Amino acid sequence: MRIAVARETDAGEPRVAATPETVKRFAGYGAEVAVEPGAGLKSGIPDSEYTAAGATVTADAVKGADVVLKVRRPSADELRNYQRGALVVAIMDPYGNDAALKAMADAGVVAMAMELMPRITRAQSMDVLSSQANLAGYRAVIDASSEYGRAFPMMMTAAGTVPAARVFIMGVGVAGLQAIATARRLGAVVTATDVRPATKEQVESLGAKFLAVEDEEFKNAQTAGGYAKEMSKEYQAKQAALVAEHIKKQDIVITTALIPGRPAPRLIAADMVKSMRPGSVIVDLAVERGGNVEGAKLGQVVDVGGVKIVGHANVAGRLAASSSALYAKNLLTFLDILINKKEKKLAINWDDEIVKAVALTRDGAIVHPSFAPKTAA
74 MRIAVARETD AGEPRVAATP ETVKRFAGYG AEVAVEPGAG LKSGIPDSEY
124 TAAGATVTAD AVKGADVVLK VRRPSADELR NYQRGALVVA IMDPYGNDAA
174 LKAMADAGVV AMAMELMPRI TRAQSMDVLS SQANLAGYRA VIDASSEYGR
224 AFPMMMTAAG TVPAARVFIM GVGVAGLQAI ATARRLGAVV TATDVRPATK
274 EQVESLGAKF LAVEDEEFKN AQTAGGYAKE MSKEYQAKQA ALVAEHIKKQ
324 DIVITTALIP GRPAPRLIAA DMVKSMRPGS VIVDLAVERG GNVEGAKLGQ
374 VVDVGGVKIV GHANVAGRLA ASSSALYAKN LLTFLDILIN KKEKKLAINW
424 DDEIVKAVAL TRDGAIVHPS FAPKTAA
């Protein structure tokens, strides 16, 4: 069994799909591990560390590989080097990318989308959305602090008192919770909002204040999978009015709201941005999905009347070493259920609920029910 660790071809992707630690574990499974040269350099891992862990560093790493590990979905050019039947594991970004899915099916690879991991107890250690969002939430606060021209904590000095920064977190998933915790550690006064009622207790447990229109719709605003439901226009209007008043008084706002398979919901309109004081900062963590903030631009810091809107791409990748370590561990625990340790080969159980949830392509076809082409009756 040959496991290949591919170098990312996207210039904006500094992460890598394996670390020396996970390479050692794969070697312990009896696998031959091959790594493309320079795969880990942007994450602070030189080729020599992979070699010391038991891997072979070679430009031909993916040729003949039974398993190819990546961070991002392989391009059509990359697929030409993969053997048919190879298991390709990555963050596939399948929504709205039908041509890319078809390319993987036509290449005959077995594509597994790590971001489709089901939210069940057994899959927690494989959940790449959580591992990467956790770091993105932390980094969002650090990025905000670097753009904000004042201190976060209250400081009482002989020269006067510096007031604490007021930070508002919109969307209390994994990223939002980490943003709350980080802002609190830095001494800010933190408030947060989310449409899911279960988050209220989580927010308050971290020492922040919860803000929401708590009506009947709010009480039923969470899916069985733990995601936020899309709210009615009426609720959105009431919540927007409440938030608009609150935002006027905030120094920093961080938005994290995403709905799987849909564009990011618009949380902050242009008039809300204009209502904030000059020097305030907004960080939009959903900018890659269209953005929560009107006026946010992917990969840019925009100044709107003295208010900065931060729209960095791949925020988890801004902590490449940490995010790579967590992502590599996610892949390791996923492959652990796909490998027969005694026979030292792949043994995929296609009836496993985890495999069913993440499998995109197999035997030349798109097999995931959410993405398979609809056939005529």
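The letter at position 372 of the sequence shown is residue 445 when you use the numbering used here, and the numbering goes up by one with no holes. Backbone N, C-alpha and C define an ideal beta-carbon position, used for all residues, glycine too. Small disclaimer: the values here were computed from a predicted structure and weren't measured.
Proximity winner among the options, relative to residue i (alpha-carbon distances)
i: Asn365; options: Gly352, Val346, Glu188, Asp376; result: Val346
i: Ala265; options: Asn387, Arg362, Ala77, Phe283; result: Phe283
i: Arg157; options: Val144, Ala138, Gly101, Asp166; result: Ala138
i: Lys175; options: Pro147, Val380, Arg192, Arg195; result: Pro147
i: Val375; options: Gly390, Ile355, Lys402; result: Ile355
i: Pro236; options: Gly222, Arg391, Thr194, Ala206; result: Gly222
i: Val141; options: Thr230, Ala173, Ile215, Val89; result: Val89
i: Asp344; options: Asp150, Gly363, Arg258, Ala317; result: Ala317
i: Ser278; options: Lys97, Glu303, Leu250; result: Leu250
i: Pro93; options: Val431, Ala394, Ala125; result: Ala125
i: Met227; options: Ala217, Arg239, Tyr102; result: Arg239
i: Val326; options: Asp179, Met190, Ile439, Met243; result: Met243
i: Thr272; options: Ala256, Ala261, Ala254, Val245; result: Val245
i: Pro167; options: Met187, Leu152, Pro338; result: Met187
i: Leu419; options: Ala84, Phe99, Asp171; result: Phe99
i: Val214; options: Leu259, Lys311, Val144, His441; result: Leu259
i: Leu433; options: Thr194, Val162, Ala231, Ile76; result: Val162
i: Ala310; options: Asp409, Thr255, Leu340; result: Leu340
i: Lys97; options: Asp83, Ala172, Val262, Ala128; result: Ala128
i: Thr329; options: Pro338, Lys322, Leu152, Glu81; result: Pro338
i: His319; options: Ile332, Ser396, Met349, Pro336; result: Met349
i: Met304; options: Gly280, Leu331, Gln323, Lys321; result: Leu331
i: Gly169; options: Arg362, Ala232, Ala281; result: Arg362
i: Ile253; options: Lys321, Leu408, Gly280; result: Gly280
i: Glu86; options: Glu220, Val144, Ser219, Leu399; result: Val144
i: Val440; options: Asp171, Ala314, Ile164; result: Asp171
i: Ser218; options: Ala261, Ser121, Glu274; result: Ala261
i: Ala342; options: Met229, Met165, Val106, Ala314; result: Ala314
i: Ile164; options: Ser395, Pro351, Glu81; result: Glu81
i: Ile193; options: Asp409, Leu358, Ala430; result: Ala430
i: Ala91; options: Arg257, Val130, Ala84; result: Val130
Own chain, CB closer than 6 Å to residue i, minus 5 neighbours either side, in chain order
i: Ile427; result: Ala196
i: Val183; result: Leu160, Arg435
i: Gly372; result: Ala386
i: Ala149; result: Ala176
i: Ile382; result: Ile355, Val366, Gly368, Ala369, Val375
i: Ala224; result: Val235
i: Lys321; result: Ser348
i: Glu274; result: none
i: Ala393; result: Pro87, Arg88, Lys115, Ser116
i: Phe407; result: Met199
Inter-residue CB distance, residue i and residue j (contact presumed, cutoff 8 Å)
i: Val108; j: Ala132; result: Contact doesn't hold; Cβ gap of about 10 Å is too wide.
i: Gly368; j: Val377; result: 6 Å
i: Val276; j: Tyr308; result: Not quite, the Cβ-Cβ distance comes to about 19 Å (not below 8 Å), so this is no contact.
i: Asp200; j: Met190; result: 5 Å
i: Tyr123; j: Gly113; result: 7 Å
i: Pro397; j: Val380; result: For the record, residue 397 in the displayed sequence is Ser; it is not Pro. Going by Cβ atoms, the distance from Ser397 to Val380 rounds to 33 Å, so no, they are not a contact pair.
i: Gln312; j: Phe241; result: That belief does not hold up - the Cβ atoms of Gln312 and Phe241 are roughly 13 Å apart, past 8 Å.
Contacting residues, own chain, Cβ-Cβ under 8 Å from residue i (five flanking each side not counted)
i: Val247; result: Leu202, Ser203, Ala206, Asn207, Gly210
i: Ala449; result: Model confidence at Ala449 stands at a pLDDT of 42, short of 50, so the residue's coordinates are unreliable; what they give is reported in the following sentence. Excluding positions up to five away in sequence, the list is empty.
i: Ala95; result: Strictly speaking, residue 95 in this sequence is Thr, with Ala absent from that position. Ala401, Lys402, Leu404, Leu405, listed in sequence order.
i: Gly437; result: Ala178, Asp179, Gly181
i: Lys417; result: Met74, Tyr102, Gly103, Ala104
i: Pro336; result: Arg362, Gly363
i: Pro454; result: The first residue shown for the chain is 74 and the last is 450, placing residue 454 beyond what the model contains.
Residues of its chain near residue i, where Cβ-Cβ distance is below 7 Å and the 5 sequence neighbours each way are ignored
i: Arg391; result: Arg212, His385
i: Lys136; result: Asn154
i: Ala444; result: A small fix is needed here, since residue 444 is Phe in this sequence, not Ala. Here the set comprises Pro167, Leu174, Leu433.
When the Cβ atoms of the stretch 258-274 are set against those of the stretch 285-292, are three or more pairs found closer than 8 Å? Yes, the stretch 258-274 is in contact with the stretch 285-292.
For the stretch 113-132 and the stretch 414-425, state whether three or more C-beta atom pairs, one from each stretch, are separated by less than 8 Å. Judged by Cβ distances under 8 Å, the stretch 113-132 makes no contact with the stretch 414-425, as fewer than three pairs qualify.
Quick one: complete beta strand (DSSP E) runs, 3+ long, within the stretch 375-419? Taking only runs of at least 3 residues, the beta strand (DSSP E) segments lying wholly in the stretch 375-419 are 380-383.
Complete alpha helix (DSSP H) runs within the stretch 333-379 (minimum length 4 residues, chain order): Complete alpha helix (DSSP H) runs here, min 4: 343-348.
Counting beta carbon pairs with one atom in the stretch 397-414 and one in the stretch 377-387, are three or more of them shorter than 8 Å? These segments do not touch.
Which ranges does the alpha helix (DSSP H) cover as unbroken runs of at least 4 residues, wholly within the stretch 95-177, from first to last along the chain? The qualifying runs are 120-125, 149-152.
Identify every run of the alpha helix (DSSP H) within the stretch 189-264, keeping only runs that are complete inside it and at least 4 residues long; order them along the chain. Along the length of the stretch 189-264, whole alpha helix (DSSP H) runs at least 4 residues long occupy 201-220, 247-258, reported in chain order.
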